[in-house]
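Residue numbers (this note's numbering): 130 to 707.
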């Protein structure tokens, strides 16, 4: 209430402008907030698809690389010259090594294979790249793993040689044709070949992509010094999806980290490598900031335009109201009020102006009518004073007629006149609206006495009035119209003699009066027609409406009837003693 009163201190134009501007400002901030969220969503969705494509290309490249390595190993296993050379006991170790290098050179080994090492069952070790020392990475543990995996590749340690890093890939060496076990075959893959695959697939300098194995050891990194080390612990535990996202802190910097699990093709090659991409969150925020700056500028320009439009709109809305206010103020000050100037606009203000025009016409007519009625009322009051009749004159006249009938020995005339006198005495009852239930019952009895003279031996009436209800006050003419209705519509159409029963009782805080008869009854669908008294008396509908107006909608008449069985009408009113 205080807020409304406070706002009403300002002009309507100021209020409209204020709420329009307030709505625009709130809407603007909502737009900025939602735009930021939407921008983050769009960028993340873009990078999600972008990184997913990158990871897919890298995984496909690694798969092709390992497939070529596998094909190279098959070519070695199928070379009969190497079998013969290794099994020739007449040649010395150095001669075998020299000839083996010559054979391998003739096979055109791919440049991504840094070295090939063959270890015989006798323990002889032959390697293709003489710069690397096989003893530094050939261990019993590695050979034991190769034995366990039988014909599948096993990944060994990462070998560092100056600026180069090599991944050891080993399997059992056997005769391809006879399956004779000959020893072990180790192939060293140059890590640069994997790094080249990652760099070739990467299309942005802000994203760093690396490869990590199951033990969180780095297989490939944009900076070769990190290869073979573990700098991201327990990262892979959260990567249960094909591509998962998370925020990580590295060297006090936040990164959006995307991790892809190894594909089924790589799993079949015993290559369980994870592709990891790092997107610095600062770069993402920089892009969001640029977008937000553009949005803010657009919103500010839009806000200024909207405020100008709001002020103009407020003026357009209030001008007709101001004009109407001036016309209202002119009433009583001038006889000639200008007609409204807005024609056929059909908005609310136009309708208000029409209503105002109609109101002024009615006020003028009412003023004339009141002046005329006041003059006429003076004449009627004078006439009423001259012709006022005392109700006791009617009672005394009826009493005189009754005494004459008694003297002339006319009991029927005496009875009907006395009943009529009592009826009018109670019905007039000094003009009071409420009477006691006992008076209403007396009124009914006098009415019934007249009706019995009119229709002798046609009906009987029985009263069952609870003692505690005798002095209860009810509306005058509540029970009598119901008894009249029972006689007229229920008993008279019946051939046999009828019976009417009037009961009263207290139910909680309500007074119930029941009028029932054993007349012809009626169909409830005919109630509207039956409730109208054709001779201008009180009908059922009239009684019901009076009770509802006086006591409330939950009170009134409740009628139940059935043809040839009778009718029961319940009067429900508030119990009152005053």
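We put the beta carbon where it would ideally sit given N, CA and C, even for glycine.
As the structure is a computational prediction, the values presented were derived from the model and not from experiment.
Next on the checklist: In this structure, how does DSSP classify residue 649 when only helix, strand and coil are distinguished?
Outcome noted: Secondary structure of residue 649 (DSSP, three-state): coil.
Next on the checklist: Less than 8 Å between C-beta atoms, sequence neighbours within five positions excluded: which residues of the same chain meet that for residue 612?
Outcome noted: Only 573, 576, 577, 590, 629, 631 and 644 meet the Cβ criterion.
Item to check | Bridge partner(s) assigned by DSSP for residue 641 | outcome: For residue 641, which the question treats as bridged, DSSP gives the partners 634 and 701.
Checklist entry - Just curious, the beta strand (DSSP E) that residue 691 is in, first and last residue? => result Annotation for residue 691: the continuous beta strand (DSSP E) segment containing it runs 685-691.
Checklist entry - If you draw a straight line from the alpha carbon of residue 244 to that of residue 273, how long is it in whole angstroms? => result Taking the straight line joining both Cα atoms gives about 21 Å.
Checklist entry - Would you call the stretch 199-209 and the stretch 298-312 touching, i.e. three or more CB-CB distances under 8 Å? => result Taking a cut-off of 8 Å on C-beta distances, the stretch 199-209 touches the stretch 298-312, as three or more cross pairs fall below it.
Checklist entry - Are three or more beta carbon pairs between the stretch 206-214 and the stretch 270-288 nearer than 8 Å? => result Contact between the stretch 206-214 and the stretch 270-288 is absent, because fewer than three Cβ pairs lie under 8 Å.
Checklist entry - Leaving out the 5 sequence neighbours to the left and right, which residues in its chain are closer than 8 Å to residue 260 when beta-carbon positions are compared? => result The residues are 290.
Checklist entry - Which residues does DSSP pair with residue 339 in a beta bridge? => result Paired residues: 405.
Next on the checklist: I'd like to confirm the pairing. Which residues does DSSP put opposite residue 108 in its beta bridges?
Outcome noted: Outside the displayed span of the chain (130 to 707) sits residue 108, for which this structure offers no information.
Item to check | Counterpart residues of residue 612 in DSSP-defined beta bridges | outcome: BP columns for residue 612 are empty, so no partner.
Item to check | Beta carbon of residue 648 nearer than 8 Å to that of residue 696 | outcome: Yes. Within cutoff.
Checklist entry - In the DSSP assignment, what are the bridge partners of residue 298? => result Bridge partners of residue 298: 284 and 316.
Checklist entry - Of all the options 358, 394 and 562, which has the alpha carbon lying nearest to the alpha carbon of residue 193? => result The option with the nearest alpha carbon to residue 193 is 394.
Checklist entry - Taking residue 620 as the reference, which of 428, 423 and 581 has the closest Cα? => result Of the listed residues, the one whose Cα sits closest to residue 620 is 581.
Item to check | Distance between residue 324 and residue 293 (C-alpha atoms, nearest Å) | outcome: Taking the Cα positions, residue 293 is about 11 Å away from residue 324.
Checklist entry - Cβ atoms of residue 304 and residue 212: under 8 Å apart, would you say? => result Between residue 212 and residue 304, the C-beta gap is smaller than 8 Å, which places the two residues in contact.
Item to check | Span of the beta strand (DSSP E), counted from its first residue to its last, around residue 604 | outcome: That run of the beta strand (DSSP E) goes 602-604.
Checklist entry - Which residue from 350, 428, 598 and 453 puts its Cα closest to that of residue 337? => result Among 350, 428, 598 and 453, the Cα nearest to that of residue 337 is on 350.
Checklist entry - Helix, strand or coil: which one does DSSP assign to residue 274? => result Three-state result, residue 274: helix.
Item to check | Alpha-carbon to alpha-carbon, residue 503 and residue 516 | outcome: Caution applies to residue 516, whose pLDDT of 36 falls short of 50 and renders its modelled position unreliable; the value that the coordinates give is listed next. Roughly 20 Å separates the two Cα atoms.
Checklist entry - Using CA coordinates, which residue listed in 210, 398 and 342 is at the minimum distance from residue 232? => result Of the candidates 210, 398 and 342, the one whose C-alpha sits nearest the C-alpha of residue 232 is 210.
Item to check | residue 156 - DSSP class collapsed to helix/strand/coil | outcome: Note: residue 156 maps to helix in three-state DSSP.
Checklist entry - Looking only at DSSP bridge pairs, what is residue 373 linked to? => result DSSP, once it has assigned bridges, lists 388 as partnering residue 373.
Checklist entry - Roughly how many angstroms separate the alpha carbons of residue 633 and residue 598, rounded to a whole number? => result Going by the C-alpha atoms only, they are around 7 Å apart.
Item to check | When 376, 373, 344 and 328 are compared against residue 353, the one with the closest alpha-carbon | outcome: Minimum Cα distance to residue 353 is reached at 328.
Item to check | Local conformation of residue 306 per DSSP, three classes | outcome: Taken through DSSP and simplified to helix, strand or coil, residue 306 comes out as coil.
Checklist entry - Which residue's Cα is closest to the Cα of residue 371: 234, 482, 180 and 583? => result The shortest C-alpha to C-alpha distance from residue 371 to any of 234, 482, 180 and 583 is the one to 180.
Checklist entry - With respect to 7 Å, is the separation between the Cβ of residue 283 and the closest non-hydrogen atom of the ligand FAD below this value? => result With respect to the ligand FAD, the structure offers nothing, as it holds no ligand at all.
Checklist entry - Taking the C-alpha atoms as reference points, what is the distance between residue 153 and residue 420? => result Taking the straight line from one Cα to the other gives about 21 Å.
Checklist entry - Any idea what DSSP makes of residue 254, helix, strand or coil? => result Of the three classes helix, strand and coil, the one that applies to residue 254 here is strand, per DSSP.
Checklist entry - Hey, would you say residue 636 sits closer than 8 Å to residue 676, going by beta carbons? => result Their beta carbons are not under 8 Å apart, which means residue 636 does not touch residue 676 by this criterion.
Item to check | Contact check, residue 149 vs residue 443, beta carbons under 8 Å | outcome: With respect to the 8 Å criterion, residue 149 and residue 443 are classified as neighbours on the basis of their beta carbons.
Item to check | Beta-carbon proximity check, residue 588 vs residue 570, cutoff 8 Å | outcome: No. Outside cutoff.
Item to check | Every unbroken alpha helix (DSSP H) inside the stretch 195-258 [4 residues or more] | outcome: Entirely contained in the stretch 195-258, the alpha helix (DSSP H) runs reaching 4 residues are, in chain order, 209-216 and 222-235.
Checklist entry - If you drop the 5 nearest sequence neighbours on each side, which residues of the same chain put their C-beta closer than 6 Å to that of residue 93? => result Nothing in the structure corresponds to residue 93, since the chain is present only between 130 and 707.
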